[in-house]
Structure formats: C-alpha cells, structure tokens
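This report concerns only the one structure given below.
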Amino acid sequence: MRTISRTLLVLLIAATVISCVSKKEIYYMQEVPENLKTVPFENLTIQKGDILNIQVAALNPESVAMFNKTPQTQLGNVETLKYSGYLVDELGEIKVPYIGSIRVTDMSTRELEIKLVEEISPYVNEPVVAVRLVNYKVTVLGEVKNPGTITASEERLTIPQALGYAGDLTINGSREDVVLVRQTEDGYITHNLDLTQDDLYMSPYFYLNQNDMIYVRPNGAKVKSAGFVGNVGAVLGVVSLALTITILLTNN
C-alpha cells in the first residue's frame, strides 16, 4: 500500500510540473531599454476591396451633396458607412460622380484627398476633402482570450493594440512564437515575431496592414499537456482522488 501511495505521489508531482509555465514564458519585453524606439509610421495604402468614406465640404453645401454618399447624420454608424461608402473594385478604382473612375490602389488616404481636391475643384469652389477607410480589419487567432476578427476605427493598428483588442494572450500562449500572415499581390507571406524582445517595435510588421492575421501558437507547457497527459486538470483531479483514498485506507 505504501508503494502505491508513493507512486501516486510521484504522478501528482509530475503532472503538476508538466502544467507549470515559467515566468520567462509569460513576460513581454523582458529586456526593455530606457528609451524605446519604434519603426517610423507609414500611412496605410488603399487596396482592392477597401471601402472608403469620402466627405467633401465647401462654403455652399449643396454644391458638394452629389459627392457625399453618406449623410452627415449617419457618419457615426460604421455599418451604414460600409454600405454607403466608395468600394475599391477589382481594377483598384472608385467611381466618383461627375469625375468618373479614379485609380486609388497603393495611394494613402492623404494622397487620395489631394487627388480629389484637384479633380473636384473645377465643379466646386475651394473644396475640402476627408477620406477614411471604414472596413479596416485584422484577425487574431490561437491562444488569446477573445479570438476573432477585429474591425477598428483607427487608421492603423499595432501588434500590441490588436492583441489588446483580443483580450491579451492566455497563460498558454507562446510569447516567443507569434505568427503574422500578410496578404500581398503575389499571395501570402508569414513572419514569426517574438513579443519578449524589444526589437518588435522596430519590426516592419509592427504596424498591421488591412486583413493581416495574427496566430498565437501554444507554448511548451500547453503542447506537453496536450500530447503527453491530455487534460492536465482532469489528471490532477484523478490522481489527487486516488491519493486521498489510498491515504484513508492506509490509516484505517
């Protein structure tokens, strides 16, 4: 009986060790300098499938009404903006009243604003143009608390911001092996990121593009528990119960 008790105790300790996660696997930015530099911000470029909210203002509001597809009273409604905005088609163009088709892909929203002022000026005196991307979204999957697709009101998100929207990494998420998947004209590219290092902030992937996907891999403890003993919590419960019963029987 004493041998069985010792065996169960060893199993309990082993299961506990397997389920443990070291501090080194949890902490972000483990060696952070006093002055942390970040990669220079680059404006997001417009891509096919983007939806743009374009607002044109002038001293005479009636003269610009034809260009404003979304009424001023509906500007706070994101879903309305998606349906009433200017869709960038497969040719990378938008169709603007009186002006016709304008190629907008690979332009920043600021560059498009300048372009539209030039195109609209023959019809409107001193127009003011504001352009905003309304369907900017990224997807966060894997070991985070709230996986899914994030639609943000910001012009552009950083990796820490996107992970924050997803509720942060779980205790089982690998801080050293986060995968970024990015769509390009030629397909998809992947890049591995280490959240424990400060060079993340100088990475060209620090700022997220439209439709980027972040995948947080499980850490070593999670993989071991899944591959070796399955559900660690259940194993601990069974071993603890067996150990308790053994001790009670031994004492009696």
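If you read the sequence shown in this note's numbering, its first letter stands for residue 826, the second for the next number, and so on. In this text, a Cβ means the ideal position worked out from N, Cα and C, and glycines have one as well. All figures in this text were calculated on a predicted structure; none of them were measured in a lab.
Candidates the options, of which the one nearest residue i by Cα
i, options, result
"Leu-888", "Ser-946, Leu-869 and Arg-928", "The displayed chain sequence assigns Ser, not Leu, to residue 888. Ser-888 has its Cα closest to that of Ser-946, out of Ser-946, Leu-869 and Arg-928."
"Tyr-908", "Asp-875, Tyr-923, Ala-882 and Val-929", "Asp-875"
"Met-1038", "Val-1003, Asp-1024, Asp-1011 and Asn-1044", "Val-1003"
"Ile-871", "Val-956, Met-932 and Asn-950", "Met-932"
"Ala-955", "Gly-1012, Leu-877, Tyr-1013 and Phe-1031", "Leu-877"
"Val-881", "Gly-925, Val-913, Glu-867 and Tyr-948", "Tyr-948"
C-alpha distance - residue i paired with residue j, whole-angstrom precision
i, j, result
"Lys-920", "Tyr-911", "7 Å"
"Leu-884", "Pro-952", "8 Å"
"Gly-998", "Glu-943", "50 Å"
"Ile-984", "Asn-1036", "13 Å"
"Met-1027", "Val-864", "4 Å"
"Arg-1099", "Lys-873", "This structure leaves residue 1099 out entirely; the chain is present only between 826 and 1077."
"Glu-938", "Gly-1045", "49 Å"
"Pro-922", "Asn-971", "42 Å"
"Ile-879", "Pro-1043", "42 Å"
"Leu-958", "Tyr-990", "19 Å"
"Asn-1034", "Tyr-961", "8 Å"
"Leu-941", "Leu-1005", "34 Å"
"Gln-986", "Lys-894", "31 Å"
"Leu-916", "Tyr-1040", "31 Å"
"Glu-1010", "Glu-918", "16 Å"
Buried versus exposed call for residue i [16 or more other C-beta atoms within 10 Å across all chains shown]
i, result
"Val-965", "buried"
"Glu-968", "buried"
"Thr-974", "exposed"
"Thr-934", "buried"
Three-state secondary structure (DSSP) of residue i
i, result
"Met-1038", "strand"
"Leu-966", "strand"
"Leu-1025", "helix"
Cross-strand partners of residue i (DSSP beta bridge)
i, result
"Thr-870", "Ser-933"
"Asn-1017", "Val-1004"
"Tyr-961", "In the DSSP output, where bridge partners are listed per residue, Tyr-961 has none listed."
"Gly-1012", "Thr-1009"
"Gly-998", "Pro-1043"
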